[in-house]
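Input: a single structure, listed below in C-alpha cells.
Number of protein chains: 2
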Amino acid sequence: MVDIKKLLKEEAKDVDSLLKELFKNEKIVPALQESMEYSLLSGGKRVRPILTILTARLLKGDKRAARLAGAALELIHTYSLIHDDLPAMDDDDLRRGKPTNHLVYGEGMAILAGDGLLTYAFKILAELNLDAVRRCRLVKLMADSAGPNGMVAGQALDLQAEDEAVDLNRLKKIHRAKTGALFKAAVLAGVYCSDYTDEELSALEIYAEQLGLTFQITDDILDVTGKTEILGKEVGKDLERGKSTYPGLIGLEESKKEAEKSVNKGLKSLEVFNDEADILRDLLKFILERQY
Amino acid sequence: MVDIKKLLKEEAKDVDSLLKELFKNEKIVPALQESMEYSLLSGGKRVRPILTILTARLLKGDKRAARLAGAALELIHTYSLIHDDLPAMDDDDLRRGKPTNHLVYGEGMAILAGDGLLTYAFKILAELNLDAVRRCRLVKLMADSAGPNGMVAGQALDLQAEDEAVDLNRLKKIHRAKTGALFKAAVLAGVYCSDYTDEELSALEIYAEQLGLTFQITDDILDVTGKTEILGKEVGKDLERGKSTYPGLIGLEESKKEAEKSVNKGLKSLEVFNDEADILRDLLKFILERQY
C-alpha cells in the first residue's frame with residue numbers, strides 16, 4: 515500500500531507549482547493578482563485537483579488536461595472560500611492558517627478576487643488541450659456544479675439556515691450542494707479528460723458522492739474535536755453561529771458511524787476496478803481519518 | 515431610416531422575454547432565484563445583448579445562438595452591477611430605478627446572486643446550439659472580457675482610483691477594462707455566432723471599441739447633467755465619491771467633443787458594410803444622444 519499521506523503531499527506540491535505559474539503570462543492589475551494569489555497559494559490540501567488527477571490516471575486519460583482542469587476547480591473552490599469568509603456571509607477571520615482575504619485586502623478587493631478566480635477558471639477550461647466537445651462538457655460540468663443549482667445554492671441554503679432549525683435531511687441537502695457538487699465535479703472532470711465506459715462512470719459517480727459526504731461529516735466533526743493550529747481555521751464556529759451539523763443533530767458517535775458508512779459505500783463502488791483504484795480507496799480512508 | 519428608439523424597445527422586449535424563461539426549468543433555491551431575477555428582470559436597456567443580436571443579424575449568423583449568447587452577457591453585466599453596488603464597492607442605493615439588490619435581499623444573498631448569475635452565464639454558453647469549437651471560443655471570449663484581465667480588472671482599478679488622482683490616460687484604461695471589454699465582447703459574440711471575413715471582424719472590433727468609449731463618456735456626462743428619475747440611478751455619485759470622470763478632467767464641452775469623435779470613428783469603421791449596417795450606425799448615434 516502506498517503511503518497516501520506522502521502521495522497527497524507530493525501531488526499537492528505539483529498542483530501548487532502549476533497554480534503558481536497560472537498568471538505568469540497574464541497582465542493582471544497587481545493589487546488584484548496579489549489578492550487572488552494570496553488565497554490561491556496559501557497551501558490548501560488540494561483535494562479536488564488531486565481527485566481529478568488521480569481519476570484521470572486511473573482511466574489513463576490526458577494528464578495535462580487533468581492537471582489544468584483540476585487547477586480550474588481549485589480556483590473555483592478558492593473563490594467560494596473568499597466569498598464565504600466575508601462579513602456578510604460566514605464572517606471568518608482565519609483560513610488556511612492565515613487572516614482571511616478581506617482582512618488583508620479589504621472587502622471590495624476580496625469580492626473582486628473571488629469574481630476574478632471564478633471567471634478565470636472558465637478561461638482555463640475553454641483553452642484545455644482537449645477536443646472542443648470535451649472542453650464544452652467540462653465548462654458545463656463546472657458551471658452546473660458551482661452555479662445556482664450547485665455550490666451557490668448550497669451557500670444560499672446555508673445562509674438561510676442560520677436563522678432556522680435544520681433537520682438531517684435538510685443538512686444533507688445543503689452539504690450535497692455546497693460541498694458535494696464540487697467533489698463530484700472533481701472526479702467527473704478526471705473522467706471527462708479520459709475515455710471511459712458507462713460502468714466506470716457510474717462507479718466513480720457513487721465514489722465521488724460518498725467521498726463528498728465523508729468529507730463534510732468529518733468537517734463537521736473536526737469543528738468540534740479539531741484544533742485551530744492544525745485545521746488552519748477557527749474551530750467551534752458552527753456551534754457559535756448556531757449552525758446545524760452532524761454532531762449537533764445526531765451526536766459525535768453517530769456522526770462517526772455515518773462517515774464510516776459512506777466510506778464503505780464508496781469503497782464498494784470501486785469494486786469494478788482492480789487494484790489500480792487503490793489510491794482512490796486510500797484517499798477515501800484518509801478523508802475519514804484526517805485531522806485537518 | 516428606422517426609428518432606432520422603437521427598434522431598441524422591441525429588441526429589449528424580446529431579450530426580456532428570453533431572460534424571463536431562463537430559469538424556468540431549473541430548480542434553483544427560491545430565495546436565490548428571486549434575488550437573481552430581481553436584478554436581472556428590472557428592465558435594463560439591454561444594449562449588450564442587442565448588440566450581439568444586431569451584429570449576428572448583419573452577418574446573417576445564427577439567431578438563436580446570438581439571442582442566448584446575448585442573454586449570457588446580460589447575466590454577466592447584471593452580476594457586475596450587483597457586486598458593484600455593494601457597500602464595500604460603490605455603495606449605491608438605487609439601480610434601474612429600484613433599490614439595489616443588497617438593500618432588498620441583504621449583502622450575503624446579493625453576493626451569491628451575482629456569483630450565481632456569472633456562473634450560469636457559462637452554462638448557457640457551453641450549451642449553445644453551435645458547434646463545440648464556436649462554443650469554446652465564446653466561453654473564452656466572455657471569460658477574458660469579464661475576468662481579471664477585463665471587467666474585474668477595471669473594477670479593481672476603479673476601487674483603487676477612489677483614493678488617488680487619476681489622469682485621462684488612466685481613466686481611459688479603467689473605462690476600457692470596466693465597460694469597454696464587455697461591449698467589445700457583445701459585438702464579438704455576434705461575430706462568433708456567424709461566418710465572417712477578417713475585414714468584417716476588424717471593422718466590427720473598432721466599432722465596438724468606439725461604442726464602448728462613447729457609452730462611457732456619455733455615462734460620465736449623464737452623471738453630471740442627467741436626472742435620477744430618468745437614469746434610474748442616483749446622479750452626482752461620481753463627484754460625491756471624488757471619482758475621476760471625463761467632465762471632471764476635461765470639462766463638459768470637451769467631453770461631448772470626445773464622444774462625438776468616437777462616434778465618427780465608429781461610423782467610419784462600418785464603411786466596409788453597405789446600408790445593412792445602418793442599424794448599428796443609428797445605435798451608435800443613439801448612445802451619444804441618450805438621456806438615460
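As given, the protein sequences belong to chains W and E, one line each in that order. Residues 515 to 806 in my numbering are what the first sequence spells out, letter by letter. Residues 515 to 806 in my numbering are what the second sequence spells out, letter by letter. Cβ atoms here follow ideal geometry from the backbone N, Cα and C, with glycine treated the same way.
Within the same chain, Arg562, Pro563, Thr566, Ala635, Met656, Leu696, Ala699, Ala700, Ala703 come within 8 Å of Leu587 of chain W by CB-CB distance, once the 5 residues on both sides are set aside. Along the length of the segment 654-727 of chain E, whole alpha helix (DSSP H) runs at least 4 residues long occupy 665-675, 682-689, 695-706, reported in chain order.
Chain E places a beta carbon closer than 8 Å to that of Ile542 of chain W, counting this residue as a contact. In summary, Leu546 of chain W is buried, with 16 or more beta-carbon neighbours lying within 10 Å of its beta-carbon over all protein chains present. When Cβ pairs closer than 8 Å are counted between the two stretches, the segment 657-677 of chain W is seen to touch the segment 627-644 of chain E, the count reaching three or more. Of the candidates E:Asp709, E:Thr739, E:Ala602, E:Ala602 places its Cα closest to the Cα of Glu676 of chain E. In this model, Ser553 of chain W and Ser716 of chain E are separated by some 39 Å (Cα to Cα). Between the segment 597-616 of chain E and the segment 637-647 of chain W there are fewer than three C-beta pairs closer than 8 Å, too few to call the two in contact. Residue pairing by DSSP places Leu608 of chain E opposite E:Pro613 in a beta bridge.
Restricting attention to W:Met550, W:Leu532, W:Asn539, W:Gln724, the CA atom closest to the CA of Arg560 of chain W is found in W:Leu532. Comparing alpha carbon positions, the residue from W:Arg649, W:Lys577, W:His597, W:Leu573 closest to His616 of chain W is W:His597. Neighbours of Asn683 of chain E in chain W, taken as residues whose beta carbon is under 7 Å from its own, are absent, since the nearest beta carbon is some 15 Å off. Leu802 of chain E sits close to Glu774 of chain E, with the two beta carbons spaced by under 8 Å.
Lys527 of chain W sits in a helix when the DSSP states are folded into three classes. Considered as a whole, the segment 732-793 of chain W harbours 742-745, 751-754, 760-764, 766-783 as its complete alpha helix (DSSP H) runs of no fewer than 4 residues, in chain order.
Contact between Gly694 of chain W and Glu723 of chain W holds: CB atoms are separated by about 6 Å, below the 8 Å threshold. Of the residues assessed, Ile744 of chain E falls on the exposed side of the cut-off, its CB having fewer than 16 other CB atoms within 10 angstroms.
As summarised for the segment 578-649 of chain W, the continuous alpha helix (DSSP H) elements at least 4 residues long and confined to that stretch are 615-619, 621-640, given in chain order. The continuous alpha helix (DSSP H) containing Tyr552 of chain E extends over residues 544-554. DSSP places Arg562 of chain E in the uninterrupted alpha helix (DSSP H) bounded by 561-572. When CB distances to chain W are screened at a threshold of 7 Å, the residues of the segment 652-671 of chain E falling below it are Val653, Lys654, Ala657, Asp658, Ala660, Gly661, Pro662, Asn663, Val666, Ala667, Gln669, Ala670, Leu671, in chain order.
Taking the Cβ atoms as the reference, Leu673 of chain W lies roughly 32 Å from Leu582 of chain W, outside the contact range of under 8 Å. Flagged as an interface residue toward chain E: Ala602 of chain W, by a C-beta distance shorter than 8 Å. If you compare the alpha carbons of E:Leu608, E:Leu573, E:Glu768 with that of Asp789 of chain E, the shortest gap goes to E:Leu573. At a cut-off of 8 Å between beta carbons, Ala586 of chain E makes no contact with chain W. In the three-state scheme derived from DSSP, where H, G and I count as helix and E and B as strand, Gln730 of chain E is classed as helix. In chain order, Tyr593, Ser594, His597, Gly628, Asp629, Leu632, Ala660, Gly661, Pro662, Met665, Val666, Gln669 make up the part of chain W whose C-beta sits under 9 Å from the C-beta of Asp629 of chain E. Asp734 of chain W places its beta carbon less than 8 Å from that of Thr759 of chain W. For Phe636 of chain W, a Cβ of chain E is located within less than 8 Å of the residue's own Cβ. Burial is judged here by how many other beta carbons sit within 10 angstroms of a residue's own beta carbon; Lys692 of chain E has at least 16 and is buried.
DSSP, read as helix, strand or coil, puts Arg651 of chain W in helix. For a Cβ distance threshold of 8 Å, residue set Ala646 of chain E lies close to Val647 of chain W, ordered along the chain. Annotated as proximal: Ser556 of chain W and Lys612 of chain W, with beta-carbon spacing under 8 Å. Less than 8 Å divides the Cβ of Leu685 of chain E from the Cβ of Leu763 of chain E. Ranked by how close their Cα comes to the Cα of Lys782 of chain W, the residues W:Ser769, W:Ala526, W:Lys770, W:Lys799 have W:Lys799 in first place.
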